[in-house]
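First the structure, in the form of structure tokens, and then the observations on it.
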Amino acid sequence: MNFLPNINDMLALLPVLILSGGGVLLLLLQFVFHGSEFRVVRFTCGILLVAAFLGTLYSQFKIPGPGTYFGNQIELGFLSFWLSALYLVMAFGTVLSSPRSLELHKMEFPEFYPLVLFSTAGMFLMTSSRDMVTIFVGLELMSISLYVLVGMAKSDEFSLEASLKYFLLGSFSSGFFLMGMAFLFGGSGSTDLSEALKPLVNPGFDANFTKIGLLLLLTGIAFKIALFPYHSWTPDAYEGALTPVTGFMATASKSASMGLLCVVFGHLPIPVFSSEWAWVMGILALLSMTYGNFLALKQENLKRLLAYSSIAHAGYVVVGISLGAREEAVFYLIVYSFMSLGAFALLSYLEQGRRQVTFASIQSLASSYPKTAFALFLFFLSLAGIPPLGGFWSKLFLFQKIAEQEGELARLLLLGGIANSALALYYYAKIGISAYMSSEEGEISKQENPVSSYGVAFVSGLSLLFVLAGWYFLQPKNLVNLTLQPRAESLRK
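Structure, rendered in structure tokens:
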């Protein structure tokens, strides 16, 4: 067996090579351009992310195309393509929306941008790998980068506390994941995910090692997704981190963790919806939806509200994954990421260097910031699932797929999802009441309009455009066809 990679193997990892090599380059650039290093590093980071996106398109649709590479350790396909493209778009949006927030908090550290690239490279490895060791390397690369990003405001107690909690609980989750890998290897003798899960079909005690390993593995993933009861780090980490970093965590990082769950369930030797593992993750998803929504009801800080609502949204997606609705779950992740990215970009603009954006502080926001208030209200309405916005269609497609499944679990999760969607409407609608219907003026409304941020305007505008019309051009039924059709046509030629 030849262990030396060939040209196709290298091209399959082209986005990772660009991101990781670019991250090292950015670390060196800051020592070359003294005085203007922050601007040079930021500009170069944007170019590298665009190059990585083009590399993703090339490796998927040209050479080498869908398939397995590096001795079956890397797999390119429908899932890896859409998730990798999503990570890169969210990272690019974070880079565009972050400069003003970093400047206002006096945190113009050039290291911010290499960490974003390294984290994105880890996400790619998490959802493009078939080997558990490679997955773990990607998971840790993403996590360690995020630990530093969350705690970059060294003089802020909230940021340091958030980083410490995130690091400690993240370390526990990595321990669970690693122990799960050990049990899966012990039960199968292989680190390949498909081979490691094959003993699940064995009768009696032969599958015990594999069952314990999979349970520990899912526990580690549930920590990263922030499913109940592994969610406790989420509100503090979201509130303590800089708002652009929070947006990056809520979109790219959460999508990578849920994509990893989709990868694991895709390698089960039995259909997901007919196994007991669907019940395990389905019940966790139902509890997450309910807990996240009930806790969000009493939040006044908008970042904490979005943190708890992200727990609920994670529940919706995991419901789809646990019942085999892969395309619908990926579509939901794409729409949710754009909604959250736009909402957090606008929150970072409204903060103006402050830490708190609450319902009280945005009272009568529409009178002083009419465009911002309108865009923020639309993002929250889309998160609530109000038609005809993108959030409505993502939930409709997901719930429709769940309704097609048979069995008690599908009916239970469908009813739970619909009931929780109705419950969430209450706290999402409060943004409109505060911004448009309040007779008092909030703290932010009293301030003079700050200098406009072109990056925030572009990111929020692009996100709003996708939420308003993106669902019309991109739907779950198109995801697989758009990914595989160009490759099929090239093979026919």
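With positions in the sequence shown counted from 1, the corresponding number in our numbering is that position plus 3. Virtual Cβ for every residue (Gly too), placed ideally from N, Cα, C. Computed from a predicted structure; not experimentally measured.
Check the DSSP bridge columns for residue 304 and list the partner residues they point to.
For residue 304, which the question treats as bridged, DSSP gives the partners 361.
Can you tell me where the alpha helix (DSSP H) holding residue 150 begins and where it ends?
From DSSP, the alpha helix (DSSP H) with residue 150 extends over 135-153.
My guess is that residue 427 and residue 312 are in contact by the Cβ rule of under 8 Å, so how many angstroms apart are they, rounded?
The pair is a contact, with the Cβ atoms about 7 Å apart (cut-off 8 Å).
On the CB-based measure, 16 or more other CB atoms within 10 Å of its CB, does residue 484 come out buried or exposed?
Classification of residue 484: exposed, given that the 10 Å Cβ count is below 16.
Compute the Euclidean distance between the alpha carbons of residue 397 and residue 380, then round it to the nearest angstrom.
Rounded to whole angstroms, residue 397 to residue 380 spans 18 Å at the Cα level.
Determine the contact status of residue 145 and residue 112, defining contact as a CB-CB distance below 8 Å.
No, Cβ-Cβ distance for residue 145 and residue 112 is not below 8 Å.
Where residue 370 and residue 434 are concerned, what is the direct C-alpha to C-alpha distance, given to the nearest angstrom?
The alpha-carbon atoms of residue 370 and residue 434 are separated by roughly 14 Å.
Less than 8 Å between C-beta atoms, sequence neighbours within five positions excluded: which residues of the same chain meet that for residue 415?
So the qualifying residues of the chain are 285, 289.
If you pair each beta-carbon of the stretch 181-199 with each one of the stretch 260-279, do three or more pairs fall below 8 Å?
At 8 Å Cβ cutoff, the stretches touch.
For residue 469, collect the residues of the same chain with a Cβ closer than 7 Å to its Cβ; drop the 5 residues on either side in sequence, then sort them by chain order.
The residues are 341, 393.
Determine the contact status of residue 383 and residue 425, defining contact as a CB-CB distance below 8 Å.
Taking 8 Å as the Cβ cut-off, residue 383 and residue 425 do not qualify as a contacting pair.
Is it buried or exposed for residue 365, if we count other Cβ within 10 angstroms and need 16 for buried?
Flag for residue 365 reads buried.
Return the first residue and the last residue of the alpha helix (DSSP H) that residue 91 is part of.
Note, residue 91: alpha helix (DSSP H), 81-107.
Short of 6 Å in beta carbon distance, which residues of its chain neighbour residue 210, apart from the five on each side in sequence? Order them along the chain.
Closer than 6 Å at the Cβ level, and outside the excluded window around residue 210, lie 202, 203.
Any idea if residue 24 is buried or exposed, counting beta-carbon neighbours within 10 angstroms, 16 or more meaning buried?
With fewer than 16 Cβ atoms within 10 Å of its Cβ, residue 24 is classed as exposed.
If we require 4 or more residues per run, which alpha helix (DSSP H) segments fall completely within the stretch 423-465?
List check, alpha helix (DSSP H) in window: 446-449.
Enumerate in chain order the residues of its own chain whose CB-to-CB distance from residue 476 is below 7 Å, with the five nearest sequence positions on each side excluded.
So the list is empty, once near-sequence residues are dropped.
Determine the closest residue to residue 506 out of 243, 361, 439, 388, with distance taken between C-alpha atoms.
There is no way to answer for residue 506, as the model of the chain reaches only from 4 to 496.
Nearest CA to the CA of residue 90: which residue from 75, 105, 55, 101?
Answer by Cα proximity: 55.
Expressed to the nearest angstrom, what Euclidean distance is found between the alpha-carbon atoms of residue 492 and residue 19?
Any reading at residue 492 must be qualified, since the residue scores a pLDDT of 46, below 50, and its modelled position is unreliable; the value itself is stated next. In a straight line, the C-alpha of residue 492 is about 27 Å away from that of residue 19.
Leaving aside the five residues before and after residue 521 along the sequence, list all residues of the same chain whose C-beta is less than 8 Å from its C-beta, in chain order.
With the chain covering 4 to 496 only, the question about residue 521 has no answer from this structure.
Along the chain, where does the alpha helix (DSSP H) that runs through residue 116 open and close?
Here the alpha helix (DSSP H) through residue 116 covers 115-131.
Beta-carbon separation of residue 463 and residue 350 under 8 Å?
Result no, Cβ atoms of residue 463 and residue 350 do not sit closer than 8 Å.
Would residue 437 pass as a contact of residue 377 if the rule is Cβ separation under 8 Å?
No, the pair does not count as a contact, with Cβ atoms beyond the cut-off.
Mind the definition here: the stretch 243-262 touches the stretch 120-139 only if three or more C-beta pairs lie below 8 Å; say whether that holds.
As far as the Cβ criterion goes, the stretch 243-262 touches the stretch 120-139, which means the pair count is three or higher.
Do residue 191 and residue 213 have their beta-carbon atoms positioned less than 8 Å apart in this structure?
It is a contact, given that the beta carbons lie within the stated cut-off.
In angstroms, rounded to a whole number, what distance separates the CA positions of residue 162 and residue 50?
Looking at the two C-alpha atoms, the distance is approximately 29 Å.
Express the C-alpha separation of residue 115 and residue 404 in angstroms, rounding to a whole number.
When rounded, the distance between both Cα atoms is 40 Å.
Could you tell me if the beta carbon of residue 149 falls within a distance shorter than 7 Å of some heavy atom in the ligand PLP?
No copy of the ligand PLP occurs in the structure displayed, which carries no ligand at all.
Would you identify the three-state DSSP class for residue 331, choosing helix, strand or coil?
Note: residue 331 maps to helix in three-state DSSP.
Give every residue of the same chain whose Cβ lies closer than 8 Å to the Cβ of residue 150, excluding the five residues on either side of it in the sequence, and list them in chain order.
Counting only Cβ-Cβ distances below 8 Å, and skipping sequence neighbours, we find 166, 169, 170, 173.
For residue 208 versus residue 291, is the C-beta distance shorter than 8 Å?
Contact flag unset, no.
Based on the DSSP output, what are the partners of residue 47 in its beta bridges?
Answer is none; residue 47 lacks a bridge partner.
Give me the DSSP bridge partner(s) of residue 71.
Per DSSP, 78.
Should residue 179 and residue 219 be called a contact, given that it needs their Cβ atoms to be closer than 8 Å?
Cβ atoms of residue 179 and residue 219: closer than 8 Å.
Alpha helix (DSSP H) containing residue 245: first to last residue?
Counting along the chain, residue 245 falls outside any alpha helix (DSSP H), and DSSP gives it neither H nor E.
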